[in-house]
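Which chain is which? The protein sequence lines are A and B, in order.
The opening residue of the first sequence carries number 1 in my numbering; numbering runs sequentially from there.
The opening residue of the second sequence carries number 1001 in my numbering; numbering runs sequentially from there.
All remarks here apply to the structure that follows.
Protein chains: 2
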Amino acid sequence: MDQPAKSTQPLRRATSYDVARAAGVSQSAVSRCFAPGGSIAPATRKRIEKVAAELGYRPNALAQGLISGRTNMVAVLISSATNLYYPEVLEELTRRLTERDTRVLLFSLRSEGEVDDVLDQVWRHSVDGVISAARLSDAQIQLFEDHRVPLVLYNRMPAKARAASVCCDSAAGETELVERLLAAGHRNFGIIAGPADSYVGEERRRAALDRLAAAGFDKVPVVRGDFSYTGGGEGLRQLMADQPGLDAIICGNDQMAIGAIDAAREHFKLTIPDDLSIVGFDGTAPASWSSYRVTSIRQPVRRMTEAAVSMLIERIENDTVSAERRLFAGELVAGASARIG
Amino acid sequence: MDQPAKSTQPLRRATSYDVARAAGVSQSAVSRCFAPGGSIAPATRKRIEKVAAELGYRPNALAQGLISGRTNMVAVLISSATNLYYPEVLEELTRRLTERDTRVLLFSLRSEGEVDDVLDQVWRHSVDGVISAARLSDAQIQLFEDHRVPLVLYNRMPAKARAASVCCDSAAGETELVERLLAAGHRNFGIIAGPADSYVGEERRRAALDRLAAAGFDKVPVVRGDFSYTGGGEGLRQLMADQPGLDAIICGNDQMAIGAIDAAREHFKLTIPDDLSIVGFDGTAPASWSSYRVTSIRQPVRRMTEAAVSMLIERIENDTVSAERRLFAGELVAGASARIG
DNA sequence: CTGTTAGCGCTTTCAA
DNA sequence: TTGAAAGCGCTAACAG
């Protein structure tokens, strides 16, 4: 009563008991009223809903989760790097999950060392499932089975462990890029690969080298970058210093391709693609900007995120679904940063 | 290799009761052992910790939250647009919150209409606080007071309601840009503003127009874009069609500035900044790429996110802290997309 | 269809 | 320092 009559501000959130009392029914009736398939008489429901609205009642998600074992929360694990390159992925994932009445608990990892701490939090919060775009060790993947928490890997593959995953086919995409470069007559290749601890980075590097080796090129210089713009520029300078006369640069992602293009133009006064062809991977938005028009492979982000979410939901609803890998083909974006055949 | 009886895999997570039983103590002793300042004898603690480790026990966050009223979860609200432009902000926020032992419940809003649904979820999950980089109405902000949930607005300002907020000083930054353009002798300005429903967009537009009016320019053409690359290009084409002879374009953000630069070069064959000066705002990474080198105002993202997080934590720990607004000055990035004085 | 009754796993008095 | 006991707000049998 010492409240300056700001209206009946409840000091405490209304509970199902408050609603029950005010509606003259039992607490479990209120519970059923808000439950998906609760059997309740239309008249009773109406009365309860009216009172609930007046009291601003909402079921407490913590209590629901505690008793039912379902929290309607999913953890999304993203490594900082991924986060910066694919904001779109995170956006899509949260949107699709939200559509399915699921909340996102976000974990952004800076280093591999943080994974164990993050998993600790994941278990504690009893999430219904996890989508991981961060690298997990086999032992860590095993923990998910132990804890019986469904897991879907995004653009990651377990080394040995079995786990559901959705990936863009890096190998096929990279192979196609190399073939198109070969068809256009390129003969002096250089590779700016991603960091060694990146799954897709290694996949792409390996695929490029394999296809080049098959074409008789087995001394292709490789440098590594960190998937960043500056990494691409530095990579290019390193390659050009070691091996002048390169005519095609294969980059681990678009960001590095863009850095390489800028360095080629600015530092070496080259014309792209006449003097030098540069290709990337991912099909991110900046890659299509007219200053770059990067020749690349576009990941089907929409379909991939949709697949990841539905695979996860499926596993949450039916915990006996077997491990499955869904591989999506990327789409060649011709662009204008490379001569391709 | 099927696991040869990988040991007693608990069918159920270990609870504090399990630990208590195995350690020969009471359940409340276990609770105290894991509580920050729980009074417990060193020997007892040791024994409990040993057993807990063996059983893989971890306190259940739901139960903790339900009884203690603290969930150690904070909701972060981001509108899709913001999300795409500032992945860095989200990364910084989650990192800093994680450092303070707080989890992030992420909500990505596509439209204003979704806000009420999102807030509903926020209340249900009993988060300790909210950081919002999405626009909230006064009525919505009022709900936070009613629910007694601390709120910090990020680059947003309430119309009338009182609320804590951290912002980059758009007006000051934009004013500085305009002054530098004036000093360099520009006389024919055009503005590509952000969408009308963006707080920072309107702030910047208004500041630019005010400063230009003060300098005697009161017929400055304004078009609107959606903060996107294509929006910038379209905006430029529109402006040039209506008013040929412009010599300076003021864009609502870097992304549109980049789009405008590309359109100016590609479509109008202009040399930037000799034929036309273009300025942006934000200081995002792509703006510094050598193809663009956008003249802009860099937001001090690190300091702003740090401020947002500490303001929120402070309000969570002490619910009587008054509303405070922290305004950060942006830093001019000279770039090379505009002649400035 | 409705109410009664047990808990979910934990924190928090309160005595001992 | 320790344990007993009382809930936090809800779901889920089970009777009626």
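All C-beta atoms, glycine included, are put in the ideal place defined by N, C-alpha and C.
The structure presented is a predicted model; accordingly, all values stated were derived computationally and were not measured.
**Message:** Taking beta-carbon pairs under 8 Å, can you tell me which members of the region 220-239 of chain A lie near chain B?
**Reply:** Tyr229
**Asked** Which residues mark the beginning and the end of the beta strand (DSSP E) in which Ile1078 (chain B) is found?
**Response** Where Ile1078 (chain B) is concerned, the enclosing beta strand (DSSP E) stretches over Met1073 to Ser1079.
**Item:** Residue of A:Glu324, A:Leu181, A:Cys251 and A:His147 minimising C-alpha distance to Ile192 (chain A)
**Value:** A:Cys251
**Request:** Give me the Cβ distance between Ala263 (chain A) and Leu236 (chain A), rounded to the nearest whole Å; I'm assuming they're in contact under 8 Å.
**Result:** 5 Å
**Message:** Rounded to whole angstroms, what is the Cα-Cα separation between Val1178 (chain B) and Ala1338 (chain B)?
**Reply:** 11 Å
**Request:** With DSSP collapsed to three states, give me the class of Glu324 (chain A).
**Result:** coil
**Message:** Under 8 Å: do the region 1048-1061 of chain B and the region 1113-1130 of chain B share three or more Cβ pairs, one atom per stretch?
**Reply:** no
**Prompt:** From Glu1088 (chain B) to Arg1095 (chain B), what does the alpha carbon distance come to, in whole angstroms?
**Reply:** 11 Å
**Request:** Only counting runs of 4 or more residues, tell me where the alpha helix (DSSP H) segments fall wholly within the region 91-130 of chain A, in order along the chain.
**Result:** 115-124
**Asked** Does Ala1195 (chain B) come within less than 9 Å of chain A when only Cβ atoms are used?
**Response** Here the sequence assigns Pro to residue 1195 (chain B), which means Ala is not the residue at that position. Between Pro1195 (chain B) and chain A, the shortest Cβ-Cβ separation is not below 9 Å.
**Asked** With a Cβ-Cβ cutoff of 9 Å, do Tyr1154 (chain B) and Ser1132 (chain B) count as a contact?
**Response** yes
**Message:** Checking 9 Å against the spacing of the C-beta atoms, do Trp1289 (chain B) and Gly280 (chain A) come in under that value?
**Reply:** no
**Request:** Look at the alpha carbon of Val1200 (chain B) and the alpha carbon of Arg1135 (chain B), and state the distance between them as a whole number of angstroms.
**Result:** Separation of Val1200 (chain B) and Arg1135 (chain B) (C-alpha to C-alpha, rounded to the nearest whole angstrom) is 10 Å.
**Asked** From this set, A:Ala35, A:Ala196, A:Ser228 and A:Thr230, which residue's C-alpha is nearest Val222 (chain A)'s C-alpha?
**Response** A:Ala196
**Request:** Mind listing the chain B neighbours of Arg58 (chain A)? Cutoff is C-beta to C-beta under 7 Å, in chain order.
**Result:** Asp1120, Trp1123 and Arg1124
**Item:** Rounded Cβ spacing between Val309 (chain A) and Leu97 (chain A) (contact assumed at less than 8 Å)
**Value:** Sure, about 6 Å apart at Cβ, within 8 Å.
**Message:** Tell me whether Phe1189 (chain B), by its Cβ, gets closer than 8 Å to a heavy atom of the ligand GTP.
**Reply:** For the structure depicted, the ligand GTP is absent and the ligand set is empty, with no information on it obtainable.
**Prompt:** Three or more C-beta pairs closer than 8 Å, one from the region 1314-1330 of chain B and one from the region 1106-1119 of chain B: is that the case here?
**Reply:** no
**Request:** Pick helix, strand or coil for Asp1002 (chain B), following the three-state DSSP scheme.
**Result:** Any answer about Asp1002 (chain B) is weak, because its pLDDT of 35 lies below 50 and its placement is not dependable; what the coordinates show is given next. It is coil, neither helix nor strand.
**Message:** Taking the alpha-carbon of Ala1336 (chain B) as reference, which of B:Gly1232, B:Leu1181, B:Ala1214 and B:Leu1246 has the nearest alpha-carbon?
**Reply:** B:Leu1181
**Item:** Bridge-paired residues (DSSP) for Ile249 (chain A)
**Value:** In the DSSP output, where bridge partners are listed per residue, Ile249 (chain A) has A:Gly190 and A:Ile278.
**Prompt:** How would you label Ile67 (chain A), buried or exposed, when you count the other beta carbons within 10 angstroms and need 16 or more for buried?
**Reply:** exposed
**Request:** Report the residue from A:Val149, A:Ile340, A:Glu91 and A:Asp101 whose alpha carbon sits nearest the alpha carbon of Ser1079 (chain B).
**Result:** Of A:Val149, A:Ile340, A:Glu91 and A:Asp101, the residue nearest in Cα terms is A:Glu91.
**Asked** Can you give, in chain order, each stretch of the alpha helix (DSSP H) that sits fully within the region 1147-1227 of chain B and has at least 4 residues?
**Response** 1170-1183 and 1199-1214
**Message:** Strictly by DSSP, which residues pair up with Leu143 (chain A)?
**Reply:** Leu143 (chain A) is not bridged to any residue.
**Item:** Length of the line joining the Cα atoms of Gln64 (chain A) and His1147 (chain B)
**Value:** 19 Å
**C-beta neighbour in chain A for Arg1095 (chain B), strict 9 Å** = Arg1095 (chain B) counts as touching chain A.
**Asked** Is Ser1288 (chain B) helix, strand or coil when you go by DSSP?
**Response** helix
**Arg70 (chain A) burial status per 10 Å Cβ neighbour count (16 or more: buried)** = Its Cβ having fewer than 16 others within 10 Å, Arg70 (chain A) is exposed.
**9 Å Cβ cut-off: residues of chain A touching Pro1365 (chain B)** = Missing from the structure shown is residue 1365 (chain B); chain B here goes from 1001 to 1341 and no further.
**Message:** Considering Cα atoms alone, identify which of A:Pro42, A:Val301 and A:Ala61 is closest to Thr15 (chain A).
**Reply:** A:Ala61
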